[in-house]
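Written out below as structure tokens is the structure these notes cover.
Shown next as structure tokens:
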């Protein structure tokens, strides 16, 4: 399989994992380890904006193997996002930033205009910008032109577990994009992660579905397997859908 | 994971593979090996009703590891099916029989009445009967009562690759069945196989999607991984779907 | 528009309406009148098996305009169904019978084998048999051969309002049937009734969606309009679906 | 039913019709008349930018009854859109403008940033702006704040006839919007138009599905009926979907 490269860094795993909503830090760490993910999102609130990583979570993870992806969750516009990204760079010692600007507290959907504006600024400032956005193909092209390292269109509203409700638009985005496409938000089951990969997505980000599973560690493994399966199927070449049945077995009548 | 038991035989793999439509026997064998399947369907036409297995296909497969599942494809009613099953028992030396009675040559959909009748007779004759049928929950209960070893409801018409179009009914079948439920027909991508397993299906049967893939061996591996992922997710406990967004990251406003 | 003929009787309306679940008989009557339906189902329990129609419901409906369609709801097998049909013929003075055999009290799904058996017997006895069944194309052909006046495949389990979950199979049934196809059960919104008609169904049966609506009379009108719209669209010839956009407006660049 | 008001004008019909793709102007006129639409889109190319309406199409339509909605199709950015709107105002003598900015010629998807910019400018210039956009709830709020008279989110890419692929997002837009929501693009069948209205959309715009139908005039009537049915159902209050069956008929066993 081709490797995924973002911001000059190579990733063997195509499963990105979020760190919110776990019932304990210990469980989160174990799930992340089991997932074999090499890119994990971290909320800045976790470190309370102190300039050192005091959160237990951060101390046990091998950053040679795992890239931290701080997100800007909680900011309301481009200006706040840029400020947050600068803090983040100091705190976490990384240029990677997951840009999340969602002014509406109910559905947490991203703001396309502020996201584009912040992407432009942050890219100029040397950040590796991964913007979380609607599955809007034109916006994705503009983010790419503005210097985004990837685009991260959503499959369904965050935390709904509804899967690829934006499938028709994800297909267009994947077809037209020159930067990696990572499906973010809405993926609630390994089958949905596999579906995203079969469409040709470069990676998926999963958080809620692992964190709130009955057994988060086993669910992390299930997602790992499903992402591999989906990517492998994409590379192996899936068949088309047909209206009529296509017999698998010879059909000449049995007793002729 | 709990093991799957059918006809007194234990199966580690929950992926059943069909042997039709491959471009060569060699490719078929390699794909089957890669799939790690322990149950493969074989059409009786393959051996031309001679009483010995002359087909190259059959000679290279280790029957200690792999159970042959001859199918009755081509028969039009219960009477022909019973006759075919008897031939099959002699030819293949197994009591396992995949019952397929589909009089209509266009969509190859199964006949519920003849299938039930044949199941009753074959079960009495000591066969391990795996009937291929519509995703009809009442019929499934009647087949179970008639002695079917499993039920094999279809996801979509054979060879269409449309996936779980019968999902609402599969859920009911799985909930109510006392015998293993194997989703047969229509599964066109690993994500769809994973979805069936997440619903709680005991196994899936895949043929076309592997056989006609750009790279059948890689696709077989992808299905193997996806089936494992789906089963693991089912056992780990998937979350519900929500209408409203559920934030993964702390949302207290950034600059407060 | 071509008229619908069942049992030698011509129907201008393609909306059949059920009479269960209304909060009052008065509301039911008004809704039926508003629907302009010419075929309404009646449960035999309504008349308590007395040989006269004492139910208020029955007295106010003009049977020259509206065909009563008694159903056998509550029977568990063919034998009971035949008995129920005979009672029904005496009570209601009609040969029309909606055959419903659903032994399972949870999902109320029809029994294919007993339904076929009862259809055969009732057709021989001169009944106009409208069997309620799974969307099983092979079963539909066998019912047709057994003398069914129509087939009534379900869209989704009764009362779920889920719409045409069996769409793929309804299409095949419609394509292959020589008797009218009436989609029964699961239709929860006028849009879903329209969709069934667009596929080429000859009629739809709606009950729950009208009876439990905020305003059942207005909802009955909405279904009436939607059924007409769907049928008209079917006859006018719908376009295909496309993957790529098809511009509606001239696209030559504006300022060239 | 409540009336729809846009730009101070009241509309009895909630079906907007596009004028592209018809095989003749005569057929277009007849279809528009049959649709009873009071808002029809016109492409500026149709009048070749001459300052008089020479197109036959325009001369036969009663503008007291029908509002012309010129669109900016063909422009690539906000600047061109503003220029086009000004021409349009002169040519058509109306402040109504359908804002369409889609730089990509393949999928004709709208540009969110340029659309917002043009909306701001045109609203300040006194235009009644109806922007065509992605089903992006945050963008819709921003367009509303910028002075848009309505929002016109797409159901699927233009001309694909795929229906409400953006359904999850349309629901949020409808819930949150203070201006009328008109579903534009992708609606390929009357059932889909009814579905949009059932969700609570204020109107739908249909073009391709009518223009390319086997019989465009009949299809226009079908859409008219379906839009009415869907709106009526929305106002009458639709029931919820259920997982379990809900019996319509009394279920006490028949022969007890």
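Residue numbers (the numbering used here), protein chains in the order written: chain X, 1048 to 1303; chain W, 1048 to 1303; chain F, 1048 to 1303; chain P, 1048 to 1303.
Just so it is clear, CB atoms sit at the ideal spot from N, CA and C, and this is done for glycine as well.
Asked                                                                                                                                         : Found
Residue 1247 of chain W beta carbon less than 8 Å from that of residue 1202 of chain W                                                        : no
Segment contact flag, the stretch 1166-1174 of chain W with the stretch 1167-1183 of chain F, C-beta cutoff 8 Å, min 3 pairs                  : no
Amino acids of chain X, ordered along the chain, whose beta-carbon sits closer than 8 Å to that of residue 1211 of chain P                    : Those do not exist, as residue 1211 of chain P stays about 11 Å from chain X at its closest Cβ, beyond 8 Å.
Touch test, the stretch 1263-1270 of chain P against the stretch 1066-1084 of chain P, Cβ-Cβ under 8 Å, three pairs minimum                   : yes
C-alpha gap between residue 1133 of chain P and residue 1269 of chain P, whole angstroms                                                      : 35 Å
Beta-carbon contacts of residue 1205 of chain P that lie in its chain and below 6 Å, excluding the five residues immediately before and after : 1155, 1232
Exposure label - residue 1164 of chain F; buried when at least 16 CB within 10 Å                                                              : buried
N- and C-terminal bounds of the beta strand (DSSP E) containing residue 1214 of chain X                                                       : Here residue 1214 of chain X belongs to no beta strand (DSSP E); instead the alpha helix (DSSP H) covers 1214-1223.
C-beta atoms of residue 1086 of chain W and residue 1116 of chain W nearer than 8 Å                                                           : yes
Contact under 8 Å by Cβ, residue 1245 of chain W with residue 1281 of chain W                                                                 : yes
CB contact below 8 Å: residue 1285 of chain F versus chain P                                                                                  : yes
Per DSSP, cross-strand counterpart(s) of residue 1231 of chain X                                                                              : X:1201, X:1252
N-terminal and C-terminal residue of the alpha helix (DSSP H) that residue 1136 of chain W is part of                                         : 1125-1139
Counted within 10 angstroms of its Cβ, other Cβ atoms place residue 1057 of chain F as buried (16 or more) or exposed                         : exposed
Close beta carbons around residue 1377 of chain P, own chain, < 6 Å, minus the five adjacent residues each side                               : The requested residue 1377 of chain P does not occur in the structure, where chain P is confined to residues 1048 to 1303.
Per DSSP, cross-strand counterpart(s) of residue 1117 of chain X                                                                              : X:1089
Where residue 1200 of chain W meets chain X, residues with beta-carbon distance less than 7 Å                                                 : Per Cβ cutoff of 7 Å: no residues; residue 1200 of chain W is ~15 Å from chain X at best.
Minimum Cβ-Cβ distance from residue 1237 of chain W to chain A less than 8 Å                                                                  : You won't find chain A in this structure, because its protein chains are X, W, F and P.
Rounded straight-line distance, which links the Cα of residue 1259 of chain P to that of residue 1149 of chain P                              : 23 Å
Residue-level contact to chain X via CB, residue 1150 of chain P, 8 Å cutoff                                                                  : yes
Run of the beta strand (DSSP E) containing residue 1174 of chain F, from where it starts to where it stops                                    : That residue, residue 1174 of chain F, is in no beta strand (DSSP E); it is neither H nor E in DSSP.
C-alpha distance - residue 1185 of chain W paired with residue 1128 of chain F, whole-angstrom precision                                      : 17 Å
Residue 1179 of chain P in three-state terms, based on DSSP                                                                                   : strand
Selection from P:1122, P:1210, P:1067, P:1188 that minimises the alpha carbon distance to residue 1220 of chain P                             : P:1188
Proximity to residue 1225 of chain F [Cα-Cα], best of F:1191, F:1081, F:1140                                                                  : F:1191
Residue-level contact to chain W via CB, residue 1168 of chain F, 8 Å cutoff                                                                  : no
Cut-off 8 Å between Cβ atoms - residues of its own chain near residue 1249 of chain X, not counting five sequence neighbours on either side   : 1051, 1061, 1197, 1227, 1228, 1229
Where the alpha helix (DSSP H) containing residue 1190 of chain P begins and where it ends                                                    : 1184-1192
Cross-chain neighbours of residue 1241 of chain F in chain P, by beta carbon under 8 Å                                                        : 1236, 1237, 1238, 1241, 1273, 1276
Assigned secondary structure, residue 1145 of chain F (DSSP; H/G/I helix, E/B strand, else coil)                                              : strand
Distance, residue 1080 of chain X Cα to residue 1124 of chain P Cα                                                                            : 47 Å
Where residue 1247 of chain W meets chain X, residues with beta-carbon distance less than 9 Å                                                 : The contacting residues do not exist; residue 1247 of chain W stays about 13 Å from chain X at best.
DSSP-derived helix/strand/coil call for residue 1079 of chain X                                                                               : helix
6 Å CB neighbourhood of residue 1083 of chain P in its chain, flanking five on each side removed                                              : 1060, 1271
Under the three-state DSSP convention, the category residue 1264 of chain W falls into                                                        : helix
Residue 1108 of chain W - DSSP class collapsed to helix/strand/coil                                                                           : coil
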